[in-house]
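K.L.:
Have a look at the structure that comes next, please.
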Amino acid sequence: MSDLLEIARRVAAAARSGEQVEAYVVRSRETEVEVFGGEVESLTTAVIEGIGVRVVADHRQGYAWAGSLDESVVDEALRDARDNTKFGEPDEWYALAGPVDLDGVTAVTLDLWRDELTEVPTDEKVRIALELDRATRAADPRIRNVESSSYSDALTEGALANSFGLEASQRRTTCGASSSAIADDGTGAQTGYGYVAGRTLGDLDLESVPRDAATRACRLLGARPIPGRRLPVILDPLVTRSVLGVLASAFNGESVLKGRSLFAGRAGEQIGAARVTVLDDPTDGRALGAATHDSEGVPTRPTVLIEAGVLRGFLQNVYTGRRSGVGTTGSAVRGFTSTPGVGIRALRLVPGDHSPEQIMASVPEALYVQSVSGLHSGTNPISGDFSVGAEGLLVRGGAFAEPVREVTIASTLQRMLVDIADVGADLMFLPGPVAGMTVLLDDMTVSGE
Amino acid sequence: MNEPLIDQDVLQSTIERALRGGGDFAEVFIEDRRSSSARFDDGRVEELVSGRDRGAGLRVVRGDTTGFAHTADLSPAGLFAASDAAAAAAQGGGRGARTVALHRQTSPAAREDVIAPETVDKARKVELLRRADGAAREQGAAITSVTASYADGHRRIVVANSDGLFADDDQVRTRVMVQCVATGDTGMQTGYEAPGRTMGFELFDSIHPEQVGRTAATRALRLLDAVPAPTGRIPVVLRRGAGGVLFHEACGHGLEADHIYKDASVFSASMGELVASPLVTLVDDGTYGREWGTLAIDDEGHPTQRNVLIDNGVLTEYMWDHLRARKEGHANSGNGRRETYKHLPMPRMTNTFVLEGETDPDAIVGSVEYGLYCVQLGGGQVNPATGDFVFGVTEAYLIEHGEITRPVRAAQLIGNGPDVLRAIDAVGNDFETWTGMCGKNGQSVPVSSGQPTVLVREITVGGTAA
Chain A
0 MSDLLEIARR
10 VAAAARSGEQ
20 VEAYVVRSRE
30 TEVEVFGGEV
40 ESLTTAVIEG
50 IGVRVVADHR
60 QGYAWAGSLD
70 ESVVDEALRD
80 ARDNTKFGEP
90 DEWYALAGPV
100 DLDGVTAVTL
110 DLWRDELTEV
120 PTDEKVRIAL
130 ELDRATRAAD
140 PRIRNVESSS
150 YSDALTEGAL
160 ANSFGLEASQ
170 RRTTCGASSS
180 AIADDGTGAQ
190 TGYGYVAGRT
200 LGDLDLESVP
210 RDAATRACRL
220 LGARPIPGRR
230 LPVILDPLVT
240 RSVLGVLASA
250 FNGESVLKGR
260 SLFAGRAGEQ
270 IGAARVTVLD
280 DPTDGRALGA
290 ATHDSEGVPT
300 RPTVLIEAGV
310 LRGFLQNVYT
320 GRRSGVGTTG
330 SAVRGFTSTP
340 GVGIRALRLV
350 PGDHSPEQIM
360 ASVPEALYVQ
370 SVSGLHSGTN
380 PISGDFSVGA
390 EGLLVRGGAF
400 AEPVREVTIA
410 STLQRMLVDI
420 ADVGADLMFL
430 PGPVAGMTVL
440 LDDMTVSGE
Chain H
0 MNEPLIDQDV
10 LQSTIERALR
20 GGGDFAEVFI
30 EDRRSSSARF
40 DDGRVEELVS
50 GRDRGAGLRV
60 VRGDTTGFAH
70 TADLSPAGLF
80 AASDAAAAAA
90 QGGGRGARTV
100 ALHRQTSPAA
110 REDVIAPETV
120 DKARKVELLR
130 RADGAAREQG
140 AAITSVTASY
150 ADGHRRIVVA
160 NSDGLFADDD
170 QVRTRVMVQC
180 VATGDTGMQT
190 GYEAPGRTMG
200 FELFDSIHPE
210 QVGRTAATRA
220 LRLLDAVPAP
230 TGRIPVVLRR
240 GAGGVLFHEA
250 CGHGLEADHI
260 YKDASVFSAS
270 MGELVASPLV
280 TLVDDGTYGR
290 EWGTLAIDDE
300 GHPTQRNVLI
310 DNGVLTEYMW
320 DHLRARKEGH
330 ANSGNGRRET
340 YKHLPMPRMT
350 NTFVLEGETD
360 PDAIVGSVEY
370 GLYCVQLGGG
380 QVNPATGDFV
390 FGVTEAYLIE
400 HGEITRPVRA
410 AQLIGNGPDV
420 LRAIDAVGND
430 FETWTGMCGK
440 NGQSVPVSSG
450 QPTVLVREIT
460 VGGTAA
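One line per chain: the protein sequences are A and H, in this order. 448 is the number that numbering that gives the first Met the number 0 gives the last residue of the first sequence; the numbers go up by one with no jumps. 465 is the number that numbering that gives the first Met the number 0 gives the last residue of the second sequence; the numbers go up by one with no jumps.
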């Protein structure tokens with residue numbers, strides 16, 4: 000048994016009569032190397048640990064957290080959480096996960112830990128970052144500067160125990176490398192980013208990082224705004240990932256209950272094009288967000304949200320699942336500093352049949368969007384308004400044409416789901432809780448010159 | 000003086016130990032932060048949350064390399080272990096011992112008018128939210144959801160370094176936030192308001208939760224009748240307070256010395272040049288009142304100050320942290336900040352303002368035949384290397400024939416920092432500030448921005464109107 004589970008058990012066991020207590024304990028060992036100008040700019044080694052304690056008593060909830068696992072600090076967190084219950088208002092649906100919430104679902108087995116990553120010497124990590132810096136600089140004569148190259152990894156362990164006797168422990172390894180290039184051929188600077196992520200070094204295609212950073216920066220050289228008009232838009236897999244990430248909150252069972260979801264009350268209706276199937280599947284070991292249990296200790300499972308364009312349901316944690324009557328979907332997410340919310344872990348579109356090249360060749364003209372900016376300030380998952388800064392290239396005759404910058408693309412999330420004209424076959428699992436692929440949208444408003 | 004978080008002798012030995020293997024500079028940063036927050040949603044208090052985080056960040060600089068380690072263990076053994084890890088990370092292969100003598104600076108004077116949040120009855124914090132919720136819902140039956148939250152933080156820091164610096168500070172911040180959803184025939188719209196200051200509970204002597212609730216609710220309700228935002232390049236008037244974030248994004252980030260040092264800023268080679276309309280004077284001022292970004296000392300122990308970055312259009316100064324200032328032999332400007340002890344400091348803004356001009360704000364609006372009048376912006380993003388920025392507009396109106404007319408739906412503004420700075424055609428004689436969180440390289444710190452009413456000749460508005 001891990002020491003973390005032992006701490007969680009000790010706290011949960013302190014529950015008094017009439018009280019439910021949950022402890023969520025995490026520890027992460029992290030290394031990060033940043034290189035600039037051929038030198039190691041910084042090397043960080045760290046251990047982060049913390050605990051979140053939730054107490055439910057008389058249908059009231061209280062919470063406290065601490066960034067330390069010292070016994071005295073942990074005890075203080077329990078005292079604070081207990082005291083905080085007095086100030087919340089009662090809600091009959093507050094409860095920790097108990098046997099009734101599991102509903103016979105058992106956890107999958109996933110192997111998310113790679114011992115070999117724990118054995119990589121620091122020198123090797125430094126060497127990787129230095130080599131990325133060198134290779135990015137050498138990738139193209141138009142690369143003026145490499146803003147930074149980095150390597151990072153994390154060994155993360157977590158444990159949860161509650162006073163119903165529910166227990167869950169998980170651990171995972173992750174690592175990633177990235178490089179950020181600045182290209183300049185006298186027409187102005189353009190930037191491009193390349194990165195890879197996986198569970199261990201062997202998963203990382205390191206050679207793709209400098210190549211992607213350089214290609215993405217250089218192909219934008221000479222980019223200009225284009226006159227505003229309506230145009231089909233092709234989203235790069237990284238952009239698809241960002242857009243799906245914004246849409247995710249509309250599938251959140253808490254947003255639905257509180258009147259903040261676009262899709263509340265529309266289950267069973269056609270909300271997207273027939274080619275659109277969206278699911279969150281944390282049991283898929285290929286996804287970096289894969290997990291056997293959610294952060295209330297409930298086993299995860301695949302949840303289909305949109306099937307052939309029809310809204311099938313929402314994601315739930317124990318609270319929203321009880322209150323809405325549909326039960327938890329094992330979708331509680333949290334850090335140790337907050338109570339469990341509802342969220343995605345491995346959201347993706349089901350891929351279609353066409354390669355990115357075939358999609359590009361399928362329209363006479365389109366704007367290929369390589370990156371977007373202002374995603375959080377320009378999109379509103381409650382109203383559905385969507386307006387973001389975009390850079391990329393025009394596509395004509397199946398090939399990249401003029402590079403474009405300083406334009407916005409705008410629509411609404413509702414329309415975008417209907418306007419999905421093709422979903423690429425190029426499913427890419429990426430860091431974070433969303434996977435990407437190339438997507439063609441029929442029609443967006445491009446605002447520029 | 001406050002009781003220090005850590006004994007001076009322990010700090011001194013920790014720094015000396017960090018430099019045992021060689022190294023040019025070593026620093027220990029200690030932080031002890033208590034926070035509390037409460038959330039009111041769906042018509043009731045959901046829960047109160049208490050948080051405690053404390054630990055130390057150790058850095059050792061050797062040549063161009065910084066080694067960094069942090070620990071939640073503040074015992075001498077924990078500090079020594081982190082010190083060894085940071086030194087190893089800086090590849091301290093050299094030798095030679097250094098003795099460090101720490102000189103404790105006078106702590107910034109404790110303000111007697113600060114009501115420390117931990118001394119306030121929790122029930123009073125929760126009560127504020129009920130008032131905000133009630134006032135928001137009174138604005139109209141179309142208000143279908145109100146989320147109100149309260150957050151305070153009390154942060155004590157100690158910084159000591161191998162130059163002998165030894166400083167401490169006690170920082171208290173309080174903020175209240177209200178988000179409303181209004182539902183009408185056209186779907187749902189949202190309104191948001193979230194004032195905060197470097198203050199304790201006395202914040203509520205000047206900021207009334209009812210007013211915050213009303214402002215957020217009114218914003219959401221107005222948007223129900225909004226027309227789609229225009230598309231294309233048009234004149235934009237930024238009302239006082241609303242546009243500070245444009246200057247923060249469009250130009251502030253490009254003036255941070257780390258971007259300059261890496262030749263990754265569009266302003267890298269512009270010192271002494273005219274980079275903006277002569278109407279523009281831009282300052283970053285960490286000492287300004289009790290604004291959200293105000294600090295007595297930065298997170299490297301240096302006193303904050305008022306830095307004039309652009310003076311009547313001419314670029315005069317960048318923002319510096321210890322490392323970059325030391326490398327370039329430049330004076331430190333007190334802009335070294337970090338989110339927590341788990342983060343390395345870097346040059347960051349504090350309170351970033353465009354100073355008042357001379358034009359009557361009404362006359363500015365009156366001079367525009369057709370344009371956009373922005374009252375609230377929802378944050379933004381910039382690529383410092385190219386100067387390209389975007390920012391979201393969350394409350395705006397059309398200007399038609401010199402009059403403010405219909406509200407428009409949320410949209411994004413997109414432009415280029417240096418281009419917009421040159422396109423400022425008028426600066427008002429009014430002024431207001433705005434509270435926000437600024438993110439950079441994964442670290443988020445409290446900042447404010449401020450500005451008078453400003454006319455920008457043209458910005459691209461990314462709406463959906465045909």
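A virtual CB, placed ideally from N, CA and C, is assigned to each residue, including glycine.
In chain order, what residues of the same chain lie with their CB nearer than 7 Å to the CB of A:D319, ignoring the 5 residues before and after it?
P.N.:
Per the sequence shown, residue 319 of chain A should be read as Thr rather than Asp. Here the set comprises G252, E253, L256, V341.
K.L.:
Could you please give the first and the last residue of the uninterrupted beta strand (DSSP E) stretch that includes H:V235?
P.N.:
Going by DSSP, H:V235 is part of the beta strand (DSSP E) stretching over 230 to 237.
K.L.:
With a Cβ-Cβ cutoff of 8 Å, do H:V265 and H:I309 count as a contact?
P.N.:
no
K.L.:
Check for me: the beta strand (DSSP E) holding A:D102 runs from which residue to which?
P.N.:
Counting along the chain, A:D102 falls outside any beta strand (DSSP E), and DSSP gives it neither H nor E.
K.L.:
Could you work out which residue in H:D418, H:T118, H:R196, H:P116 is closest to H:L273 when comparing CA atoms only?
P.N.:
H:D418
K.L.:
Would you please state the rounded distance, in angstroms, between the beta carbons of H:M176 and A:S382? I believe it to be under 8 Å.
P.N.:
Incorrect: roughly 19 Å between the Cβ atoms, too far for contact.
K.L.:
Which residues in chain H have a C-beta closer than 8 Å to the C-beta of A:H353? List them in chain order.
P.N.:
Here the premise fails: no neighbours, minimum Cβ distance about 28 Å.
K.L.:
Note down the Cα distance separating H:F24 from A:I181, rounded to an integer number of angstroms.
P.N.:
30 Å
K.L.:
Counting beta carbon pairs with one atom in the segment 73 to 83 of chain H and one in the segment 10 to 24 of chain H, are three or more of them shorter than 8 Å?
P.N.:
yes
K.L.:
Count Cβ pairs between the segment 344 to 355 of chain H and the segment 221 to 230 of chain H that sit closer than 8 Å; are there 3 or more?
P.N.:
no
K.L.:
H:G77 lies in the alpha helix (DSSP H); which residues open and close that run?
P.N.:
75 to 88 is the span of the alpha helix (DSSP H), which, as asked, contains H:G77.
K.L.:
Would you report the Cα separation of A:L374 and A:I358, rounded to the nearest angstrom?
P.N.:
24 Å
K.L.:
For the ligand SAH, is there a heavy atom less than 7 Å away from the beta-carbon of A:S386?
P.N.:
The ligand SAH is not part of this structure, which contains no ligands at all.
K.L.:
Got a sec: is the Cβ-Cβ distance from A:E18 to anything in chain H below 8 Å?
P.N.:
For A:E18, the answer is no, since every Cβ of chain H falls outside 8 Å of its Cβ.
K.L.:
Please name the residue, chosen from H:I296, H:I458, H:E46, H:F28, that lies closest to H:L420 on a Cα-to-Cα basis.
P.N.:
If we check each option's Cα against that of H:L420, H:I458 comes out closest.
K.L.:
Answer yes or no: does any C-beta atom of chain A fall closer than 8 Å to that of H:G93?
P.N.:
Interpretation of H:G93 is limited by its pLDDT of 45, a score under 50 that renders its predicted location unreliable; the figure taken from the coordinates is listed afterwards. At a cut-off of 8 Å between beta carbons, H:G93 makes no contact with chain A.
K.L.:
Considering only C-alpha positions, which residue in the set A:G227, A:S148, A:V242 is nearest to A:L234?
P.N.:
It is A:V242 whose Cα lies nearest to the Cα of A:L234.
K.L.:
Applying the criterion that 16 or more other CB atoms from any shown protein chain within 10 Å of the CB defines a buried residue, is H:M270 buried or exposed?
P.N.:
Residue environment: H:M270 is assigned as exposed (fewer than 16 neighbouring CB atoms within 10 Å of its CB, all protein chains considered).
K.L.:
Just verifying my parser: in three-state terms, what is the DSSP assignment at H:S34?
P.N.:
strand
K.L.:
Please name the residue in A:R198, A:D425, A:E21 whose C-alpha comes closest to that of A:E115.
P.N.:
The shortest C-alpha separation from A:E115 is found at A:R198.
K.L.:
Do H:Q411 and A:S386 have their CB atoms nearer than 8 Å?
P.N.:
yes
K.L.:
With 9 Å as the C-beta to C-beta threshold (strictly closer), list the residues of the segment 53 to 74 of chain A near chain H in chain order.
P.N.:
R53, R59, Q60, G61, Y62, A63, W64, A65, G66, S67, L68, D69, V72
K.L.:
Which residue marks the beginning of the alpha helix (DSSP H) containing H:H258, and which one marks its end?
P.N.:
256 to 260
K.L.:
In the DSSP assignment, what residue or residues form a beta bridge with H:T358?
P.N.:
H:G427
K.L.:
Give the straight-line distance between the Cα atoms of A:D211 and A:L205, rounded to the nearest whole angstrom.
P.N.:
In a straight line, the C-alpha of A:D211 is about 10 Å away from that of A:L205.
K.L.:
With a cut-off of 8 Å, does the C-beta of H:N350 fall near any C-beta of chain C?
P.N.:
Any reference to chain C falls outside this structure, whose protein chains are A and H.
K.L.:
Hey, does A:D79 have any beta-carbon neighbour from chain H nearer than 8 Å?
P.N.:
Yes, A:D79 counts as interfacial toward chain H.
K.L.:
Looking at the C-beta of H:R154, does it have a partner C-beta in chain A at a distance below 8 Å?
P.N.:
With its beta carbon at least 8 Å from every one in chain A, H:R154 lies outside the interface.
K.L.:
Looking at chain H, is there any beta carbon in it that lies within less than 8 Å of the beta carbon of A:D132?
P.N.:
No, no contact with chain H.
K.L.:
Output, in chain order, the set of chain A residues within a Cβ distance shorter than 9 Å of H:D387.
P.N.:
S372, G388, E390, R404, E405
K.L.:
Measure the alpha-carbon distance for H:G93 versus H:V171 and round it to whole angstroms.
P.N.:
Confidence is the limiting factor: at H:G93 the pLDDT is only 45, short of 50, which leaves the residue's position unreliable and the question unanswerable from this model.
K.L.:
Comparing C-alpha positions only, which one of H:D52, H:E46, H:L47 sits nearest to A:E48?
P.N.:
H:D52
K.L.:
Rounded to whole angstroms, what's the CA-CA distance from A:D441 to A:R404? Just pull it up for me.
P.N.:
In this structure, the straight-line span from the alpha carbon of A:D441 to that of A:R404 is close to 20 Å.
K.L.:
With 16 as the cutoff for other CB atoms within 10 Å, does A:R113 come out buried or exposed?
P.N.:
Per the 10 Å Cβ criterion, buried.
K.L.:
At the 8 Å Cβ level, is H:A473 part of the contact set with chain A, yes or no?
P.N.:
This structure does not reach residue 473 of chain H, given that chain H is present from 0 up to 465, and the question cannot be answered.
K.L.:
Pick from A:V39, A:N83, A:L42: whose alpha carbon is nearest that of A:A56?
P.N.:
A:N83
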